[in-house]
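Sequential numbering from 0 applies to the sequence shown in numbering that gives the first Met the number 0.
For glycine and all other residues, C-beta sits at the position ideal for the given N, C-alpha and C.
Predicted, not measured: the structure shown is a model, and the values here were computed from it.
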Amino acid sequence: MSAIIIDGKATAKAIRHALKAEIAELGLTPGLTTVLVGDDPASEVYVRSKGKIAKRLGFKSESIRLPAKTSQPELVEYIQRLNADKTVHGILVQLPLPAHIDEQVIIETIDPQKDVDGFHPYNVGRLSIGVPTFIPCTPLGVQKLLEAYNLDPFGKHVVIVGRSNIVGKPQALIFVQKAAWANATVTICHSRTQNIAEITRQADILVAAIGQANFITADMVKEGVIAIDVGVNRWEDGTLCGDIDFKGVAEKAYAITPVPGGVGPMTIAMLMYNTVQAAKLYR
Ligand SMILES: NC(=O)c1ccc[n+]([C@@H]2O[C@H](COP(=O)([O-])OP(=O)(O)OC[C@H]3O[C@@H](n4cnc5c(N)ncnc54)[C@H](OP(=O)(O)O)[C@@H]3O)[C@@H](O)[C@H]2O)c1
Numbered sequence: 000m001s002a003i004i005i006d007g008k009a010t011a012k013a014i015r016h017a018l019k020a021e022i023a024e025l026g027l028t029p030g031l032t033t034v035l036v037g038d039d040p041a042s043e044v045y046v047r048s049k050g051k052i053a054k055r056l057g058f059k060s061e062s063i064r065l066p067a068k069t070s071q072p073e074l075v076e077y078i079q080r081l082n083a084d085k086t087v088h089g090i091l092v093q094l095p096l097p098a099h100i101d102e103q104v105i106i107e108t109i110d111p112q113k114d115v116d117g118f119h120p121y122n123v124g125r126l127s128i129g130v131p132t133f134i135p136c137t138p139l140g141v142q143k144l145l146e147a148y149n150l151d152p153f154g155k156h157v158v159i160v161g162r163s164n165i166v167g168k169p170q171a172l173i174f175v176q177k178a179a180w181a182n183a184t185v186t187i188c189h190s191r192t193q194n195i196a197e198i199t200r201q202a203d204i205l206v207a208a209i210g211q212a213n214f215i216t217a218d219m220v221k222e223g224v225i226a227i228d229v230g231v232n233r234w235e236d237g238t239l240c241g242d243i244d245f246k247g248v249a250e251k252a253y254a255i256t257p258v259p260g261g262v263g264p265m266t267i268a269m270l271m272y273n274t275v276q277a278a279k280l281y282r
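This is the structure we're talking about:
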């Protein structure tokens, strides 16, 4: 079988194109501010690419870099200032934060109406009950990818490996909703799951968000699976790979996302989408 390769780059480009038209109608400039504390190289890369795309879309985009020694009260105060700034519609604090800062305190300091990452408990609660809200960018991007390829999760068994608050759990909440591009039967697996391969082999749609290179091998999936790889891992030579053994699984899959070029570009596109929705709240 030759699998459909789900092209996240092209899908993200089409979404950005549609957003440009939406922004033109908006009558105001969406403002996105990213806050990076410390100098984690991976975070630097993420923040830079988010800023670049925001600028390309015509956003007022600002990246604030604070030293690693910034105290929690200082960061809280900074965010409160951004909450009060009417030109800032979306605030993104790049995670992880230095160990001396409590991430949850910071997430809960962001005004829920500017929480374009969708991590604030207010927005997580709204997602869980299925009312409009800011949805975390990566799992939202996964749903939009399926939609772009007309791969409807309706009635399908979606197995998600990973239960983080930023990917696995919100992904499950998205697909379990009684809503379009959802209505799935959802199973979540994690590091304490017994006989994981027995469960992943039942997946019609498998979402891997683990953080371990090539964890999902061909023997762990069934023929015709739709395989979505959220993982981003780096080999020693610097090349990227996902959590799914692409070569092996593609032999059995109906459709599969590559790494890079699958879910990653969608995450950034969804951040831009959420920021435009946040700006609309200020019209
Ligand atoms: N493409 C993107 O835009 C994007 C965005 C976000 C994240 N990512 C990538 O996605 C991956 C996951 O990110 P995350 O933030 O969700 O990671 P995380 O917070 O470290 O969560 C990883 C999850 O995988 C589970 N897990 C770890 N080892 C396992 C094993 N051997 N068997 C079964 N489950 C296992 C963990 O289980 P426990 O809960 O039991 O520990 C946890 O729930 C990473 O590679 C990250 O870089 C990509």
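| task | Whole angstroms is fine: what's the gap from G57's alpha carbon to V220's? | result | Counting from one through the sequence shown, the residue named residue 57 turns up at place 58. Counting from one through the sequence shown, the residue named residue 220 turns up at place 221. Cα-Cα distance, rounded: 42 angstroms.
Counting along the chain, where does the alpha helix (DSSP H) carrying L139 start and finish? Against the sequence shown, residue 139 aligns to sequence position 140. L139 -> alpha helix (DSSP H) spans C136 to A147.
*Could you tell me which of V275, G167 and N182 sits nearest to I14, measuring between CA atoms?*
Your numbering for residue 14 matches position 15 in the sequence shown. Taking only the C-alpha atoms, the option nearest I14 is V275.
Next on the checklist: Bridge partners for N283 per DSSP, in chain order?
Outcome noted: Any question about residue 283 goes unanswered here, given that the chain covers just 0 to 282.
| Would you say the beta carbon of G237 comes nearer than 6 angstroms to a heavy atom of ligand 1? | As a position in the sequence shown, residue 237 is number 238, starting the count at 1. G237 Cβ: outside cutoff for every heavy atom of ligand 1.
| task | May I ask you to check if the CB of A208 is nearer than 6 angstroms to at least one heavy atom of ligand 1? | result | To locate residue 208, count along the sequence shown from 1; it is residue 209. For ligand 1, at least one heavy atom lies less than 6 angstroms from the Cβ of A208.
Check your understanding: Is it true that the region 115-134 meets the region 259-268, where meeting means three or more beta-carbon pairs spaced less than 8 angstroms apart?
Key -> no
State yes or no: is the C-beta of E260 nearer than 6 angstroms to some heavy atom of ligand 1? Within the sequence shown, the letter at position 261 stands for residue 260. According to the sequence shown, residue 260 is Gly rather than Glu. No.
Residue span of the beta strand (DSSP E) that contains R64, given as start and end:
Here residue 64 refers to the residue found at position 65 of the sequence shown. R64 -> beta strand (DSSP E) spans K59 to L65.
> Helix, strand or coil for L270 per DSSP?
Replying inline: By one-based count along the sequence shown, residue 270 stands at place 271. Helix at L270.
- Query: At a cut-off of 6 angstroms, is G129 close to ligand 1 when judged by its beta-carbon and the heavy atoms of the ligand?
  - Reply: Walking along the sequence shown from the start, residue 129 turns up at place 130. No, the beta carbon of G129 sits no closer than 6 angstroms to any heavy atom of ligand 1.
**Q.** Of the listed residues A278, A277 and A268, nearest to K51 (C-alpha basis)
**A.** Counting from one through the sequence shown, the residue named residue 51 turns up at place 52. Nearest C-alpha to K51: A268.
Item to complete: Taking all protein chains shown into account, decide if H16 is buried (16 or more other Cβ within 10 angstroms of its Cβ) or exposed.
Response: Within the sequence shown, residue 16 is the residue found at index 17, counting from 1. That one is exposed.
**Prompt:** Is the distance from the Cβ of I209 to the Cβ of G237 below 7 angstroms?
**Reply:** Translated into positions along the sequence shown, residue 209 becomes position 210. Translated into positions along the sequence shown, residue 237 becomes position 238. No, Cβ-Cβ distance for I209 and G237 is not below 7 angstroms.
Original post:
Can you tell me where the alpha helix (DSSP H) with I22 in it begins and where it stops?
Top reply: In the sequence shown, the residue the question calls residue 22 occupies position 23. Here the alpha helix (DSSP H) through I22 covers G7 to L25.
- Task: Leaving out five residues on either side along the sequence, give the residues of the same chain with a beta carbon under 6 angstroms from the beta carbon of F153.
- Result: Start at 1 with the first residue of the sequence shown, and residue 153 comes out as number 154. Cβ within range, chain order: N182.
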